[in-house]
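Trainee: In order, the protein sequence lines correspond to chains D and Y. Reading the first sequence from the start, the letters are residues 1 to 112 in the numbering used here. Reading the second sequence from the start, the letters are residues 1001 to 1111 in the numbering used here. Glycine residues also receive a C-beta, built at the ideal position from the N, C-alpha and C atoms. These figures come from a predicted structure and were not determined experimentally. Quick one: this structure, given as structure tokens, is what I'll be asking you about.
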Amino acid sequence: NAGVTQTPKFQVLKTGQSMTLQCAQDMNHEYMSWYRQDPGMGLRLIHYSVGAGITDQGEVPNGYNVSRSTTEDFPLRLLSAAPSQTSVYFCASRDRSGTEAFFGQGTRLTVV
Amino acid sequence: AQSVTQLDSHVSVSEGTPVLLRCNYSSSYSPSLFWYVQHPNKGLQLLLKYTSAATLVKGINGFEAEFKKSETSFHLTKPSAHMSDAAEYFCVVSDSTPLVFGKGTRLSVIA
């Protein structure tokens, strides 16, 4: 039982490049979310999903795109990377009962 | 709308003294509340959770928190700090689907 798996762990991008951060969970959780963590800002919600085919924007969605074609996967796409997107990204999943969320180990992204 | 305010961005205590990390929340419904801990360059670990059962919640590593609805607070305490408690602590609220995080409190423990 792997829990929540994020890839890659580290990534360096040039301004304007695009990439996809992968997130997969094997717990059959309906709810999945993407957060970014910046010093002094806590974790801010980018996008979330309540089930396959359903996504919604969070607090800081600009510059990011998501889709949820399966229960297991919730990729985050950076359309045209900017230095302001330098951050640590966390994916989380939780079940419908709404108790504990499980987090991936994070992706440290640097945009130069 | 739900929100969380962590009242201190940084708390410094001496080893062996009590720890108090303060958290106030705002929620339209009966919320679930959590404390997560993040050690340097590590992921997030659940310390404890409140989900409308007992108002005093015990967590891992000797931490506990008390849900006070009248004060809309969920403060985290520990009787005696250990060097290994030095980390970032996040208070989290959820009355609907996504979790909402506070900005975090950095706990320093001085030998």
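I need the straight-line Cα distance from D:Leu13 to D:Glu100, nearest angstrom please.
Mentor: For this step, residue 13 of chain D is matched to residue 13 along the first sequence. For this step, residue 100 of chain D is matched to residue 100 along the first sequence. The straight-line gap from Cα to Cα measures roughly 33 Å.
Trainee: Taking only three categories from DSSP, how would you classify Y:Asn1113?
Mentor: The structure shown has nothing for residue 1113 of chain Y, since chain Y only spans 1001 to 1111.
Trainee: Please state whether DSSP places Y:Met1083 in a helix, a strand or coil.
Mentor: Working through the second sequence from its first residue, we reach residue 1083 of chain Y at position 83. DSSP places Y:Met1083 in helix when its eight states are reduced to three.
Trainee: At which residues does the beta strand (DSSP E) containing Y:Leu1044 begin and terminate?
Mentor: Working through the second sequence from its first residue, we reach residue 1044 of chain Y at position 44. Premise fails: Y:Leu1044 is in no beta strand (DSSP E) and is neither H nor E.
Trainee: With 8 Å set as the bound, which would you pick, yes or no: does the beta-carbon of D:Ala52 sit closer than that to a beta-carbon of chain Y?
Mentor: For the purposes of this step, residue 52 of chain D is identified with residue 52 of the first sequence, where counting begins at 1. No, because no Cβ of chain Y sits closer than 8 Å to the Cβ of D:Ala52.
Trainee: Less than 8 Å between the beta carbons of D:Arg68 and D:Ala92, yes or no?
Mentor: On the first sequence, residue 68 of chain D is found 68 positions in, with the first residue counted as 1. On the first sequence, residue 92 of chain D is found 92 positions in, with the first residue counted as 1. Taking 8 Å as the Cβ cut-off, D:Arg68 and D:Ala92 do not qualify as a contacting pair.
Trainee: Check whether chain Y comes within 8 Å of D:Ala101, counting only Cβ atoms and requiring the distance to be less than that.
Mentor: By one-based count along the first sequence, residue 101 of chain D stands at place 101. D:Ala101 counts as touching chain Y.
Trainee: Suppose you measure from the CA of D:Trp34 to the CA of D:Ser87; what does that come to, to the nearest Å?
Mentor: Translated into positions along the first sequence, residue 34 of chain D becomes position 34. Translated into positions along the first sequence, residue 87 of chain D becomes position 87. In a straight line, the C-alpha of D:Trp34 is about 12 Å away from that of D:Ser87.
Trainee: What I want to know is whether the C-beta of D:Asp26 ends up closer than 7 Å to one or more non-hydrogen atoms of the ligand SAH.
Mentor: Ligands are entirely absent from the displayed structure, and the ligand SAH is therefore not among its contents.
Trainee: Could you tell me whether the Cβ of D:Met27 comes closer than 8 Å to any Cβ of chain Y?
Mentor: The residue labelled residue 27 of chain D in the question sits at position 27 within the first sequence. Output row for D:Met27: interface = no.
Trainee: Starting from the C-beta of Y:Ser1014, find all residues in its chain whose C-beta is less than 6 Å away, skip the five residues before and the five after it, and write them out in chain order.
Mentor: Along the second sequence, read from residue 1 onward, the residue named residue 1014 of chain Y stands at position 14. Cβ within range, chain order: Ile1110.
Trainee: For Y:Phe1074, count the other beta carbons within 10 Å of its own beta carbon; 16 or more makes it buried, fewer makes it exposed. Which is it?
Mentor: The count along the second sequence starts at 1 and reaches residue 1074 of chain Y at position 74. Buried, since its Cβ has 16 or more Cβ neighbours within 10 Å.
Trainee: In this structure, does DSSP put D:Ser84 in helix, strand or coil?
Mentor: What you label residue 84 of chain D is simply residue 84 of the first sequence in a count that begins at 1. In this structure, D:Ser84 counts as helix in the three-state DSSP scheme.
Trainee: Taking the beta carbon of D:Tyr64 as the centre, do at least 16 other beta carbons fall within 10 Å, making it buried, or is it exposed?
Mentor: One-based indexing of the first sequence puts residue 64 of chain D at position 64. Buried, by the Cβ-count rule.
Trainee: Residues of chain D with CB closer than 7 Å to the CB of Y:Thr1097, please, in chain order.
Mentor: Taking the second sequence and counting its residues from 1, one reaches residue 1097 of chain Y at position 97. Within 7 Å Cβ-Cβ: Tyr31, Tyr48, Val50.
Trainee: Whole angstroms is fine: what's the gap from D:Ser80's alpha carbon to Y:Ser1026's?
Mentor: Position 80 of the first sequence, counted from the start, is the residue given in the question as residue 80 of chain D. Position 26 of the second sequence, counted from the start, is the residue given in the question as residue 1026 of chain Y. Each residue's Cα considered, the two are about 35 Å apart.
Trainee: Just reading off the beta strand (DSSP E) that D:His29 is part of, what are its end residues?
Mentor: Translated into positions along the first sequence, residue 29 of chain D becomes position 29. Per DSSP, D:His29 belongs to no beta strand (DSSP E) and is neither H nor E.
Trainee: With a cut-off of 8 Å, do at least 3 Cβ pairs link the region 8-22 of chain D to the region 102-109 of chain D?
Mentor: They touch, by the three-pair rule.
Trainee: Tell me the rounded alpha-carbon separation between D:Asp95 and Y:Val1019.
Mentor: Residue mapping note: residue 95 of chain D aligns to position 95 of the first sequence, counting from 1. Residue mapping note: residue 1019 of chain Y aligns to position 19 of the second sequence, counting from 1. Computed Cα separation, rounded: 32 Å.
Trainee: In terms of residue numbering, what span does the beta strand (DSSP E) encompassing D:Gln6 cover?
Mentor: Along the first sequence, read from residue 1 onward, the residue named residue 6 of chain D stands at position 6. 4-7 is the span of the beta strand (DSSP E), which, as asked, contains D:Gln6.
Trainee: Can you give me the start and stop residues for the beta strand (DSSP E) that D:Leu78 sits inside?
Mentor: Taking the first residue of the first sequence as 1, we reach residue 78 of chain D at position 78. Start and end: 76-78.
Trainee: Taking just the CA atoms, how far does Y:Glu1064 sit from Y:Leu1056?
Mentor: Looking up residue 1056 of chain Y in the second sequence gives position 56. Looking up residue 1064 of chain Y in the second sequence gives position 64. Their Cα atoms are separated by approximately 7 Å.
Trainee: Among the candidates Y:Asp1095, Y:Val1004, Y:Gly1016, whose CA atom is the shortest distance from the CA of Y:Gly1062?
Mentor: Locating residue 1062 of chain Y in the second sequence gives position 62, where the first residue counts as 1. Comparing Cα positions, the closest option is Y:Gly1016.
Trainee: Taking the CB atoms as reference points, tell me whether Y:Leu1044 and D:Phe90 lie closer together than 8 Å.
Mentor: For the purposes of this step, residue 1044 of chain Y is taken as residue 44 along the second sequence, with counting starting at 1. For the purposes of this step, residue 90 of chain D is taken as residue 90 along the first sequence, with counting starting at 1. Yes, they are a contact pair.
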